[in-house]
Structures are given as C-alpha cells and as structure tokens.
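A.B. asks: Residue numbers (this note's numbering): 2 to 281. Pasting a structure below so you can have a look.
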Amino acid sequence: MLALASGVKIDAADEEGLDFLSRRVGTLHRQGISVIAKNVDTRERFERCVSIGADRYQGQFLQEPERLESGELPVDQIARLELLSVVNDPEAGIDRFESAISKDITLSYKLLRYINSAMFSLQREIGSIRHAVTMLGIRWTRTWSNLVILSAVSDRPQAVVTTAMVRAKMCEQLARRLGCAEPESHFTAGLLSMLDVFLGQDMHRILERLPLEEGLRDALLEGTGERGLVLEAARAYERSIWEDAVCPGLTPGDLRDAYLDALIFARDTRRFLGELAPAA
Numbered sequence: 002m003l004a005l006a007s008g009v010k011i012d013a014a015d016e017e018g019l020d021f022l023s024r025r026v027g028t029l030h031r032q033g034i035s036v037i038a039k040n041v042d043t044r045e046r047f048e049r050c051v052s053i054g055a056d057r058y059q060g061q062f063l064q065e066p067e068r069l070e071s072g073e074l075p076v077d078q079i080a081r082l083e084l085l086s087v088v089n090d091p092e093a094g095i096d097r098f099e100s101a102i103s104k105d106i107t108l109s110y111k112l113l114r115y116i117n118s119a120m121f122s123l124q125r126e127i128g129s130i131r132h133a134v135t136m137l138g139i140r141w142t143r144t145w146s147n148l149v150i151l152s153a154v155s156d157r158p159q160a161v162v163t164t165a166m167v168r169a170k171m172c173e174q175l176a177r178r179l180g181c182a183e184p185e186s187h188f189t190a191g192l193l194s195m196l197d198v199f200l201g202q203d204m205h206r207i208l209e210r211l212p213l214e215e216g217l218r219d220a221l222l223e224g225t226g227e228r229g230l231v232l233e234a235a236r237a238y239e240r241s242i243w244e245d246a247v248c249p250g251l252t253p254g255d256l257r258d259a260y261l262d263a264l265i266f267a268r269d270t271r272r273f274l275g276e277l278a279p280a281a
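This is the structure we're talking about:
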C-alpha cells in the first residue's frame with residue numbers, strides 16, 4: 002500500500018510511537034512519502050517530532066499555551082500586547098487607532114497590502130489607515146489588524162497561526178449562518194481566543210491588559226453569551242468532540258461547511274501574508 006500513498010500517519014502519543022516514528026521516517030522519506038505525526042499533544046512532543054523529521058503534525062499542542070519560564074513577557078511581546086490594547090479598545094477613536102497602527106511601519110505596510118490584495122476585490126486602492134477605516138469601517142479594520150499583528154509572532158509554530166485563522170473564520174461563518182448582527186466580532190473572538198497560545202501567558206492575565214468590551218471578555222474567559230457559545234462550538238469541532246460541537250439552529254452540515262470555508266480562508270490568507278513581507 003505504501004506504493005500508493007503520498008503520506009503516512011504515525012501515532013506519536015507515547016515513547017513507543019516516537020521510537021517507531023524515528024525508525025521509519027528515513028525509509029518513508031526515501032520513498033517520497035510525507036510523514037504525519039498524530040496525537041502530538043504537548044510542545045515537548047512536538048519538538049521531538051520536529052527533530053526526528055516528521056513533515057506535518059496533528060494534536061492539541063496547537064491549542065495549548067506554552068508557559069514562559071520567567072512568567073514575564075519579552076519586550077517585543079509587551080509592545081505587541083500594547084498595540085493590541087489600542088486596536089481593541091472600544092473607546093479608541095479613529096485618530097488614536099490610526100496613530101497606533103501607523104507607528105508600526107511593518108504592520109501598516111502589511112495591513113494596507115493585505116487590504117489591497119485580490120482577497121478584498123476593492124475597486125479603489127486603499128492608501129492609508131484612515132482610508133481603510135473609511136472604506137471598511139473600524140470594526141473590520143480592527144479585525145484585520147488583529148490578524149496581521151498575531152501573524153507576526155515569530156516564536157510560535159506557523160501552524161498556530163493557521164489554527165487561529167481557522168477558528169476565527171469558523172466563528173464568523175457560524176455567526177453568519179445564525180444571522181448574528183456583527184459576525185466580525187465573532188471572528189475577533191475566535192482570533193483572540195488563541196492569545197494565551199501566542200503569548201505563553203494565562204488568559205486572565207493577558208486580558209487584564211486589554212480593554213475589551215465586557216461581552217467579548219466573557220466569551221473568552223467563560224464561553225458565555227452569543228459569541229461564547231459559537232466559540233465553544235468551534236473549539237469542540239476542531240478537537241472532534243462532536244457531542245459539544247453544536248449551535249442551536251444549525252445542523253452538523255452547517256458546522257462542516259463553516260469549517261471547510263474556514264480552512265480555505267486560512268490557506269489563502271497564509272499565502273497572502275507570506276507574500277507581504279517588506280523587501281529588504
């Protein structure tokens with residue numbers, strides 16, 4: 002059967018599985034077969050699989066935060082958190098929002114290039130952050146700013162970024178199917194629900210420094226409210242906990258379609274974000 006296979010999954014749940022992976026990975030690679038390590042549920046196991054030579058990974062380590070040994074955020078992460086604080090402050094007006102984004106040259110560049118990409122199909126080119134707010138509204142500009150900020154975190158596996166995008170887009174798609182008034186706020190909830198993974202800190206501690214509106218905070222911490230219920234359904238779906246992956250009023254097919262749409266969105270967005278690095 003290997004002659005017909007393009008990829009093989011190997012269970013890396015324990016030492017026996019890791020040893021088997023180590024013994025077989027070279028042979029499989031020589032046959033042109035990709036090796037997928039599954040049940041990779043800790044950061045340590047992920048790093049072991051990387052060192053062994055696995056090509057792809059499945060497991061809950063992508064949703065679990067890696068706690069910083071010092072308990073303190075690095076300087077660059079503090080700066081990023083401060084930027085997220087301004088971007089997500091419901092009391093921040095356009096002037097403050099524009100000033101915060103514009104001070105970060107790389108963020109401004111990526112955000113404008115992304116908004117002007119084919120993904121948005123705009124008839125007029127967006128030339129400034131203020132112009133973006135005027136054309137898209139501050140809610141959507143805030144949403145895309147969050148995405149670009151978090152995608153710039155360099156010390157996390159890129160699969161973490163993909164997981165965040167899939168979760169965020171699935172939340173938005175479920176909100177649309179439910180007829181929710183502000184589906185972009187569900188996207189934001191899904192994206193920010195991965196903050197503890199991105200920053201390696203407890204979510205309560207992170208949110209002490211973010212002036213989020215109460216409903217969004219409750220969704221992230223308690224899983225309550227409209228956004229919380231949608232977020233919990235998306236989390237359960239990505240972990241294949243089918244009995245909890247439910248949204249009143251939606252069918253299992255609705256959740257499946259929302260997830261597939263989210264996968265396509267994440268694939269296309271990752272490609273665009275990868276192409277938007279400023280030239281040296």
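Note that beta-carbon positions come from the ideal geometry of N, C-alpha and C, so glycine has one too.
Is the stretch 157-170 touching the stretch 182-202, taking contact as three or more C-beta pairs under 8 Å?
C.D. replies: Because the criterion of three Cβ pairs below 8 Å is met, the stretch 157-170 and the stretch 182-202 touch.
A.B. asks: Where Ala14 and Asp245 are concerned, what is the direct C-alpha to C-alpha distance, given to the nearest angstrom?
C.D. replies: Using only the alpha carbons, I get a separation of about 24 Å.
A.B. asks: Taking DSSP as the reference, what is the three-state secondary structure of Pro279?
C.D. replies: Model confidence at Pro279 stands at a pLDDT of 43, short of 50, so the residue's coordinates are unreliable and nothing is read from them.
A.B. asks: Under DSSP, the alpha helix (DSSP H) around Ser103 begins and ends at which residues?
C.D. replies: Run containing Ser103: Ile95 to Lys104, per the alpha helix (DSSP H) assignment.
A.B. asks: Ile37 and Gly8: beta carbons closer than 9 Å?
C.D. replies: Contact: yes.
A.B. asks: If you compare alpha carbons, which of Arg210, Ala267 and Leu261 is closest to Arg81?
C.D. replies: Of the candidates Arg210, Ala267 and Leu261, the one whose C-alpha sits nearest the C-alpha of Arg81 is Arg210.
A.B. asks: Within the present structure, is the beta-carbon of Thr142 separated from the nearest heavy atom of the ligand FMN by less than 8 Å?
C.D. replies: The ligand content of the structure shown is nil, which means the ligand FMN is not present either.
A.B. asks: Between which residues of its own chain and Leu5 is the CB-CB distance below 6 Å, once the five residues before and five after are set aside?
C.D. replies: Result list for Leu5: empty, nothing under 6 Å.
A.B. asks: From Leu230 to Cys248, what distance separates their C-alpha atoms?
C.D. replies: Computed Cα separation, rounded: 7 Å.
A.B. asks: Quick one: what does DSSP say Ile150 is sitting in, helix, strand or coil?
C.D. replies: Helix.
A.B. asks: Quick one: any contact between the stretch 137-153 and the stretch 89-106, if contact means 3 or more CB pairs under 8 Å?
C.D. replies: Cβ pair count under 8 Å is three or more, so yes.
A.B. asks: If you reduce the DSSP assignment to three classes, tell me which class Gly8 lands in.
C.D. replies: The answer is strand: DSSP assigns Gly8 an E or B state.
A.B. asks: In chain order, what residues of the same chain lie with their CB nearer than 8 Å to the CB of Glu239, ignoring the 5 residues before and after it?
C.D. replies: These residues qualify, in order along the chain: Gln64, Thr164, Val167, Arg168, Met171 and Tyr260.
A.B. asks: Going by beta-carbon coordinates alone, are Ala133 and Ile116 separated by less than 9 Å?
C.D. replies: Cβ atoms of Ala133 and Ile116: closer than 9 Å.
A.B. asks: How would you label Leu3, buried or exposed, when you count the other beta carbons within 10 angstroms and need 16 or more for buried?
C.D. replies: So Leu3 counts as exposed.
A.B. asks: Per DSSP, what are the beta-bridge partners of Ile1 in this structure?
C.D. replies: Here the chain has residues from 2 to 281 only, and residue 1 is not among them.
A.B. asks: Over what stretch of residues does the alpha helix (DSSP H) that includes Gln159 continue unbroken?
C.D. replies: From DSSP, the alpha helix (DSSP H) with Gln159 extends over Gln159 to Leu179.
A.B. asks: Please check the pair Arg49 and Leu29, which I expect to be a contact at CB under 8 Å, by giving their CB distance rounded to whole angstroms.
C.D. replies: The Cβ separation is near 17 Å, so there is no contact.
A.B. asks: Per DSSP, what kind of secondary structure is Phe273 in: helix, strand or coil?
C.D. replies: Helix.
A.B. asks: From Ser35 to Val198, what distance separates their C-alpha atoms?
C.D. replies: When rounded, the distance between both Cα atoms is 27 Å.
A.B. asks: Classify Ile116 as helix, strand or coil using the three-state DSSP reduction.
C.D. replies: If DSSP states are grouped into helix, strand and coil, Ile116 belongs with the helices.
A.B. asks: One question on the structure: do Ile106 and Leu84 come within less than 9 Å of each other, judged by their Cβ atoms?
C.D. replies: No. Outside cutoff.
A.B. asks: Assuming Ala263 contacts Gln159 under a Cβ cut-off of 8 Å, what Cβ separation, rounded to an integer in Å, is found between them?
C.D. replies: Actually they do not touch by this definition, with Cβ atoms about 17 Å apart.
A.B. asks: What separation, rounded to the nearest whole angstrom, lies between the Cα atoms of Ala237 and Lys10?
C.D. replies: If you take the alpha carbons of Ala237 and Lys10, they lie about 22 Å apart.
A.B. asks: CA-CA distance, Glu183 and Gly27?
C.D. replies: Cα to Cα, Glu183 sits roughly 50 Å from Gly27.
A.B. asks: Since Ile207 and Leu200 are thought to touch, with beta carbons under 8 Å apart, how far apart are those beta carbons, to the nearest angstrom?
C.D. replies: With a Cβ gap of about 6 Å, Ile207 and Leu200 count as contacting.
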